[in-house]
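Data first, discussion second: the structure below is written as structure tokens.
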Amino acid sequence: MRDMPKVELHLHLEGAAPPAFVRGLAAEKKVDLSGIFDERGAYAYDGFVDFLRVYEAATSVIGSPEDYARLVRTVLEELDAQGVIYAETFVSPDFCGGGDLSAWRDYLAAMREAAEDVAAKGGPVLRGIVTPIRHFGPERAKAPALCAAETAGAWIVGLGLGGNEAVGEPKDYAWAFDCAREAGLRLTCHAGEWRGPDSVRGAVEDLGVERIGHGVRAIEDLALVDTLAERGIVLEVCPGSNIALGLYPNLRAHPIARLRDREVKVTVSTDDPPFFHTTMTQEYDRLADAFGWEAVDFAALNRVAAEAAFCDADTREKIL
Ligand code: ADE
Ligand code: ZN
Numbered sequence: 001m002r003d004m005p006k007v008e009l010h011l012h013l014e015g016a017a018p019p020a021f022v023r024g025l026a027a028e029k030k031v032d033l034s035g036i037f038d039e040r041g042a043y044a045y046d047g048f049v050d051f052l053r054v055y056e057a058a059t060s061v062i063g064s065p066e067d068y069a070r071l072v073r074t075v076l077e078e079l080d081a082q083g084v085i086y087a088e089t090f091v092s093p094d095f096c097g098g099g100d101l102s103a104w105r106d107y108l109a110a111m112r113e114a115a116e117d118v119a120a121k122g123g124p125v126l127r128g129i130v131t132p133i134r135h136f137g138p139e140r141a142k143a144p145a146l147c148a149a150e151t152a153g154a155w156i157v158g159l160g161l162g163g164n165e166a167v168g169e170p171k172d173y174a175w176a177f178d179c180a181r182e183a184g185l186r187l188t189c190h191a192g193e194w195r196g197p198d199s200v201r202g203a204v205e206d207l208g209v210e211r212i213g214h215g216v217r218a219i220e221d222l223a224l225v226d227t228l229a230e231r232g233i234v235l236e237v238c239p240g241s242n243i244a245l246g247l248y249p250n251l252r253a254h255p256i257a258r259l260r261d262r263e264v265k266v267t268v269s270t271d272d273p274p275f276f277h278t279t280m281t282q283e284y285d286r287l288a289d290a291f292g293w294e295a296v297d298f299a300a301l302n303r304v305a306a307e308a309a310f311c312d313a314d315t316r317e318k319i320l
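For the sequence shown, counting from 1, position 184 maps to 184 in UniProt numbering; every step adds exactly one.
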């Protein structure tokens with residue numbers, strides 16, 4: 001499994017920061033972050049809302065373009081070790097310069113330069129999806145969307161919406177998605193993770209997204225499942241994340257196989273791997289154990305992911 005070439009579409013950049021990386025920055029900056037780690041040094045949180053708090057605390061020490069460049073290199077090294085050849089990562093101007101466009105350009109240049117250097121040396125290819133944070137509210141989603149629109153191109157390829165799905169409705173964020181669409185960006189939105197089918201429907205109908213982050217709770221409405229299948233909406237499914245955060249007790253209870261059987265385009269990602277003690281290889285191993293999926297199934301899954309990638313056609317050719 002480790003050596004199988006993989007395409008990962010749903011990976012939060014700060015959420016992929018190893019605890020040791022964050023501890024190193026905290027020590028350099030003399031910030032006490034001991035409260036977010038357990039006694040073995042792993043991230044410690046209690047449920048989703050607390051996870052978001054710990055995530056934001058860890059992110060608070062990743063504070064300059066150089067820090068983000070180091071993070072990109074660290075994350076790409078781990079992706080390479082997992083056989084990932086192409087990944088899309090969520091990056092947020094809220095964390096990179098606070099939504100200020102000129103600061104964002106500096107962060108972006110540093111991240112992109114690091115990523116392109118790794119790719120030039122034969123490492124994984126990375127692209128960015130700008131991600132407003134839903135629980136910061138619709139007004140604050142506008143600045144990141146403008147940052148995304150202004151920097152749309154070969155590296156920033158999409159707009160997403162992460163954070164706490166319980167806050168607001170998808171349509172409240174329509175301004176941000178319209179702005180990104182007009183700039184030629186591709187669209188995805190976290191939905192159907194902490195809320196049910198209505199949230200998924202809202203993301204598809206009111207925001208016009210072509211991919212959904214998670215989307216697994218669409219399974220609670222089979223008419224919606226059939227709509228997703230008919231329209232070819234792609235789900236960025238993160239089984240290990242869903243189990244670690246208590247959405248499902250185990251993989252047998254997880255709907256990924258049922259969604260796939262009903263012809264929904266499913267893909268597999270890790271979301272925030274060190275937070276959920278997972279890797280792409282582990283996700284594949286566990287799916288093979290739980291559902292008997294074989295190499296052909298994973299190859300088909302990766303083909304769906306490559307076809308749904310937001311990159312340009314030349315890059316896609318290389319990962320298909
Ligand atoms: N940000 C990082 N991980 C997330 C998740 N699983 N859901 C929503 N927002 C997130
Ligand atoms: Zn996510």
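Virtual Cβ for every residue (Gly too), placed ideally from N, Cα, C.
In the structure shown, the three-state DSSP call for R262 is coil. For the ligand ZN, no non-hydrogen atom lies closer than 7 Å to the CB of H135.
For S199, the shortest separation between its Cβ and any heavy atom of the ligand ADE does not lie below 7 Å. For S241, the Cβ falls inside the 7 Å cut-off from some heavy atom of the ligand ADE.
Closest in C-alpha terms to E139, from the list V125, G128 and D172, comes D172. Annotation for V225: A218, I219, L259, R262 and V264 place their beta carbon closer than 7 Å to its own, counting only its chain and skipping 5 residues before and after. In the displayed model, V22 falls within a helix according to three-state DSSP. Under the DSSP assignment, L13 falls outside any beta strand (DSSP E); it carries neither an H nor an E label. One Cα belongs to V167, the other to A191, and the distance between them is close to 11 Å. In the three-state reduction of the DSSP assignment, F51 falls in the helix class, which pools H, G and I.
The count of Cβ pairs closer than 8 Å, one atom from the region 27 to 38 and one from the region 88 to 101, stays below three, leaving the stretches out of contact. In this structure, Y43 has its CB at a distance of at least 7 Å from all heavy atoms of the ligand ADE. If you measure from each CB to the nearest heavy atom of the ligand ZN, the residues under 6 Å come out as H10, H12, G162, H190, G213 and D271.
The beta carbons of F276 and S241 sit about 5 Å from each other, so the pair counts as a contact at 8 Å. Three or more beta-carbon pairs drawn from the region 240 to 256 and the region 41 to 55 are found closer than 8 Å, and the two stretches are therefore classed as touching.
For E8, the number of other beta carbons within 10 angstroms of its own is at least 16, and it is reported as buried. For A109, the enclosing alpha helix (DSSP H) begins and ends at L101 to A120. Separation of C311 and G47 (C-alpha to C-alpha, rounded to the nearest whole angstrom) is 34 Å. The closest CA to that of L161, considering only E150, V209 and A120, is found on V209.
For V130, the uninterrupted beta strand (DSSP E) segment begins and ends at V125 to V130.
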